[in-house]
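Okay, so the sequence shown: first residue is 1 according to UniProt numbering, each after it adds one. We put the CB at the ideal spot given by N, CA and C, even for glycine.
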Amino acid sequence: PVANATITPGPLSHQVHTGDNVTLRCSVQVGSAPVNFTWLHNNREVSWDRVLELRDVDVGHSGTYQCMATNQLGQDGHRVFQALSPELALEVTPGSPWVTAAPQRPLPLRGLGELWAITVVGDVSTSDSDSDSTW
Numbered sequence: 001p002v003a004n005a006t007i008t009p010g011p012l013s014h015q016v017h018t019g020d021n022v023t024l025r026c027s028v029q030v031g032s033a034p035v036n037f038t039w040l041h042n043n044r045e046v047s048w049d050r051v052l053e054l055r056d057v058d059v060g061h062s063g064t065y066q067c068m069a070t071n072q073l074g075q076d077g078h079r080v081f082q083a084l085s086p087e088l089a090l091e092v093t094p095g096s097p098w099v100t101a102a103p104q105r106p107l108p109l110r111g112l113g114e115l116w117a118i119t120v121v122g123d124v125s126t127s128d129s130d131s132d133s134t135w
């Protein structure tokens, strides 16, 4: 039989930002081989491996995750044992926008200095009083 399925890393609540990568591992304290693993996201099966890799997460990855470990007893496999981990709550929040600036070719106009290219990546809100910029 299998028992005491757990998800690492703990604790049971995580907050990550959009674009982050998240790795969750399922383990059991007791279990005769072979042990099969199933990952649930909001009670829906999403993966069938010991490790769940979430790459470039977005808000759609938010919700509860559980791992279910199962194995069968005996040659005929008629008896199935199952252990369900506690739920892990994952909250994905939009990340702060980041800005890159790179100098371009100098302008041939007197008194203007250099031309800069500005790239903003992320959600930008103009209603935030802390995001004022002077150009």
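Could you tell me which residues DSSP puts in a beta bridge with residue i?
i   : result
G63 : L90
W39 : S47 and C67
V80 : Q72
A5  : V28
T23 : E53
Taking the alpha carbon of residue i as the reference point, which residue from the options has its own alpha carbon closest?
i   : options               : result
V2  : V16, A33, L40 and T23 : A33
V28 : T6, N36 and G19       : T6
H17 : L54, V46 and F37      : L54
L52 : R44, N42, C26 and N43 : C26
F37 : R50, D20 and Q82      : R50
Q82 : V46, D20 and W39      : W39
S86 : H41, D20 and G19      : Contrary to the premise, residue 86 reads as Pro rather than Ser in this sequence. It is H41 whose Cα lies nearest to the Cα of P86.
Do residue i and residue j have their CB atoms nearer than 8 Å?
i   : j   : result
L88 : M68 : no
F93 : V80 : Sequence inspection shows Thr at residue 93; the Phe mentioned does not correspond to that position. Not in contact: T93 and V80 (Cβ atoms no closer than 8 Å).
V57 : V30 : no
L24 : G63 : no
With a 10 Å radius around its C-beta and 16 neighbouring C-beta atoms as the bar for buried, classify residue i as buried or exposed.
i   : result
W48 : exposed
G60 : exposed
S13 : exposed
T8  : exposed
L73 : exposed
V35 : buried
Q15 : exposed
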